[in-house]
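Engineer: First the structure, then my questions, so here it is.
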Amino acid sequence: MKPLEGVRILDLTRVLAGPFATMNLGDLGAEVIKVERPGAGDDTRSWGPPFVNTESTYFLSVNRNKKSIAVNIKDPRGVRIVKELAAICDVFVENYVPGKLSEMGLGYEDIDKIAPHIIYCSITGYGQTGPMSHRAGYDAIASAMSGLMHITGPEDGDPVRPGVAMTDLATGLFAYGAIMAGLLQRYRTGKGLFIDCNLLSSQVACLTQVAANYLIGQKEAKRWGTAHGSIVPYQVQVSLLLLYLPDLPIRITSDFSRRDSKSQKILDRYHTDPKRPQMLAQATIPSKTFNHQRWRNQDIPQQNQFKQYLSTNLSLQRKTPTQGGLYLFYI
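When we follow my numbering, the leftmost residue of the sequence shown carries the number 2, and every step to the right adds one.
Right, here's the structure in full:
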């Protein structure tokens, strides 16, 4: 038995952040009913190539374990259908601009009246209040506003987007965790609740030590390429991968100090993290290297050949209702 078996989720989200959250809930056994627009459906159904026959691989990657239903929520009959479904669901997830669903009679206040037990999760670009709350949210814009793009890319180059929509994915994971916590709270109190997740807040929260460096240490963030602002060695060179092992300096110091007191004096210069970046930058050499050419340019098909991926069930063949067995990534 999966942990969320018996939990029913009404999913009015589209594209990535919301579908990623509900897909992971579905992986844990929840029944996910996905509400889509008549005709076009979720935006990502047409995002490609690549396609599997006529279905977008993008859509397939974040919508497994779901039952789709086409409903026109701009029509009063569609609104009635959604409310009837909400009454028998445990979770309601949407990613509309704040106030949009309320105009249709499907806001939190409307759903709470007919289903006070509901966990209502709203995923937006910038939150429910404030001067930007009425704007549609996009991963690239939130990534730029949060500072993620500013710290991503080569040290002497321009800011770049990460290779995947990390802001959308992070928001989806925050929503996933908040919904799980909401279900636990309802189990204890018997009451539903409203969850507010947004792209900008989620990505700012993910800045962790970079944000703390600025807020506490007044250290402005910068791009480091594949290097690290606090840990050395930590960068990828053309033919070398530099590794950082937190306990290695202590072991090396201990070994050398037993053999040669002069070596101890030399290693003292590199003993702490703050000193190593300065010394290694001056020397422009790594302290530990190994050939990594095949790892640096590794793509997903090559990685899938490694037994580790298979041993952890990261890539599994999943039977889909329309395309048969397809390999997808799981967590």
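The beta-carbon is built from N, C-alpha and C at its ideal position, and this holds for glycine as well.
Report the three-state DSSP secondary structure of R9 (helix, strand or coil).
Structural biologist: strand
Engineer: Looking only at its chain, what residues have a beta carbon closer than 7 angstroms to the beta carbon of V72, apart from the 5 residues adjacent to it on each side?
Structural biologist: V36, G79, I82, V83
Engineer: Whether or not the region 194 to 205 and the region 136 to 155 are in contact is what I'm after, with contact meaning three or more pairs of Cβ atoms, one per stretch, closer than 8 angstroms; do they touch?
Structural biologist: yes
Engineer: By a C-beta neighbour count over all protein chains shown, 10 Å radius and 16 as the cutoff for buried, is G4 buried or exposed?
Structural biologist: Per the sequence shown, the amino acid found at residue 4 is Pro instead of Gly. Exposed is the call here.
Engineer: Assuming contact is defined by CB atoms lying nearer than 8 angstroms, are I10 and V92 in contact in what I supplied?
Structural biologist: Inclusion of I10 and V92 in the CB contact set at 8 angstroms is warranted, their separation being smaller than that value.
Engineer: Helix, strand or coil: which one does DSSP assign to L29?
Structural biologist: coil
Engineer: For the region 154 to 203, which segments carrying the beta strand (DSSP E) assignment without a break, of at least 3 residues, lie completely within its bounds, in sequence order?
Structural biologist: 194 to 199
Engineer: Please report the Cβ distance between L29 and G173, rounded to the nearest whole angstrom; I am assuming they are in contact, meaning their Cβ atoms lie under 8 angstroms.
Structural biologist: Not really, about 14 angstroms apart at Cβ, beyond 8 angstroms.
Engineer: Of all the beta strand (DSSP E) runs that stay within the bounds of the region 72 to 157, which reach a length of 3 or more residues?
Structural biologist: 92 to 95, 120 to 125
Engineer: Thinking just about the alpha-carbon of each residue, which of S144, G178, G106 is nearest to the one in D76?
Structural biologist: G106
Engineer: Using three-state DSSP, classify V211 as helix, strand or coil.
Structural biologist: V211 carries a helical assignment under DSSP once its states are collapsed to helix, strand and coil.
Engineer: Could you check the C-alpha separation between G138 and M2 for me, to the nearest Å?
Structural biologist: 37 angstroms
Engineer: Among N214, G183, G126, G230, which has the Cα closest to the Cα of R168?
Structural biologist: It is worth fixing the name first, because residue 168 is Thr in this sequence and not Arg. A check of alpha carbon separations from T168 across N214, G183, G126, G230 identifies G126 as the nearest.
Engineer: So what's V205 in DSSP terms, helix, strand or just coil?
Structural biologist: helix
Engineer: Within the same chain, show all residues whose beta-carbon is closer than 7 angstroms to that of A141, passing over the 5 residues directly before and after it, in chain order.
Structural biologist: R162
Engineer: Do three or more CB pairs link the region 106 to 115 to the region 173 to 185 at distances below 8 angstroms?
Structural biologist: no
Engineer: Would you identify the three-state DSSP class for S47, choosing helix, strand or coil?
Structural biologist: In the structure shown, S47 sits in a helix (DSSP, three-state: H, G or I).
Engineer: For the alpha helix (DSSP H) holding L17, just list the boundary residues, first then last.
Structural biologist: First-last for L17: undefined, no H or E at that position.
Engineer: Taking G100 as the reference, which of R189, R136, E221, T227 has the closest Cα?
Structural biologist: R136
Engineer: Determine the closest residue to G7 out of E32, P39, I74, with distance taken between C-alpha atoms.
Structural biologist: Each of E32, P39, I74 was checked against the Cα of G7, and the nearest Cα belongs to E32.
Engineer: Go to T58, then tell me how far its alpha helix (DSSP H) extends in each direction, as first and last residue.
Structural biologist: 58 to 62
Engineer: Nearest by alpha-carbon distance to Y109: which of A145, V211, F60, L194 is it?
Structural biologist: L194
Engineer: Thinking just about the alpha-carbon of each residue, which of N25, R65, P20, A179 is nearest to the one in D44?
Structural biologist: P20
Engineer: Just to confirm before moving on: does the CB-CB distance between G27 and I120 stay below 8 angstroms?
Structural biologist: no
Engineer: Identify which residue in L13, Y59, N64, S47 has its Cα closest to the Cα of N25.
Structural biologist: Considering only alpha carbons, the answer is N64.
Engineer: Should K67 go down as buried or exposed, given a rule of 16 or more other Cβ atoms within 10 Å for buried?
Structural biologist: buried
Engineer: Rounded to a whole number of angstroms, what is the C-alpha to C-alpha distance between D12 and A228?
Structural biologist: The alpha-carbon atoms of D12 and A228 are separated by roughly 40 angstroms.
Engineer: Whose C-beta lies closer than 6 angstroms to the C-beta of S134 among residues of the same chain, with five residues either side of it excluded?
Structural biologist: P99, Y127, G128
Engineer: Identify, in the order they occur along the chain, each residue of the same chain with its Cβ nearer than 6 angstroms to the Cβ of C122, setting aside the five sequence neighbours on each side.
Structural biologist: V94, A176, I180, I196
Engineer: Is the closest heavy atom of the ligand NAP to the C-beta of I217 under 7 angstroms?
Structural biologist: Although the ligand NAP was asked about, the structure shown includes no ligands whatsoever.
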